[in-house]
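As structure tokens, the structure follows; a few thoughts come after it.
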Amino acid sequence: MTYTEKFLSDIMRAVKRERAENGARYDAKKTCEKIARSLENAIRGLGDLPRSVGDYWLSEYIDSSSDIENEPTREHAEKLAAMLSFLCGEGDTTSLSPGDWKNLASLVQDEAETLPIESLSSLMASLVEQKAV
């Protein structure tokens, strides 16, 4: 199991736990915010970039959901896991759309000055490969 697969499994387990502990009072928004913050804890050494990516995921996929009480859906959880894969430089990123790549490129560019050069080079190489920059 890759690090990203474990992260995805952890997301689904967290949702299941929150539903079990809160029953009819499941707060999907709060749960998704916790999940987005777990992305920050999963990635160290990239400054504020993981928080920015988590915030992008929340605004793009959770806040705009027409069925917020069923978030995160499997598809949206896979999006966040793919974003983790991008940040780690490993794993599957196929669920990311061209729009996601453009937004990730913008976030990386915003944080470029604070990123270690090796990390920035790796992230930029992925973005170039995806034709996002």
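Be aware that the sequence shown starts at 32, since it is given in my numbering, and climbs by one per residue.
Note that CB positions come from ideal geometry on N, CA and C, so glycine has one too.
Nothing here was measured: the structure is a model prediction, and the numbers come from that model.
Rounded separation between residue i and residue j - CA only
i, j, result
"Trp132", "Leu115", "13 Å"
"Leu138", "Asp123", "20 Å"
"Ser126", "Asn53", "30 Å"
"Asp2", "Ser40", "Here the chain covers residues 32 to 164 and nothing more, so residue 2 does not appear."
"Ala163", "Lys110", "17 Å"
"Leu84", "Gly120", "Note that residue 84 is Val in the sequence shown here, rather than Leu. Their Cα atoms are separated by approximately 15 Å."
"Ser96", "Lys61", "14 Å"
"Leu118", "His107", "17 Å"
Exposed unless 16 or more other CB atoms sit within 10 angstroms - verdict on residue i
i, result
"Pro81", "buried"
"Glu100", "exposed"
"Ala51", "exposed"
"Glu160", "exposed"
Residues near residue i in its chain [Cβ-Cβ closer than 6 Å; skip 5 each side]
i, result
"Arg44", "none"
"Thr35", "Ala112, Leu115, Ser116 and Gly122"
Contact set for residue i: own chain, Cβ-Cβ below 8 Å, skip 5 residues either direction
i, result
"Asp86", "Ala67"
"Leu146", "Leu77, Gly78, Leu80, Val139 and Leu154"
Own chain partners of residue i with C-beta closer than 7 Å, once the 5 adjacent residues on each side are dropped
i, result
"Trp88", "Ala67, Lys110, Leu111 and Met114"
Which ranges does the alpha helix (DSSP H) cover as unbroken runs of at least 4 residues, wholly within the segment 59-104, from first to last along the chain?
With a minimum length of 4 residues, the continuous alpha helix (DSSP H) runs that stay inside the segment 59-104 are 59-73 and 80-88.
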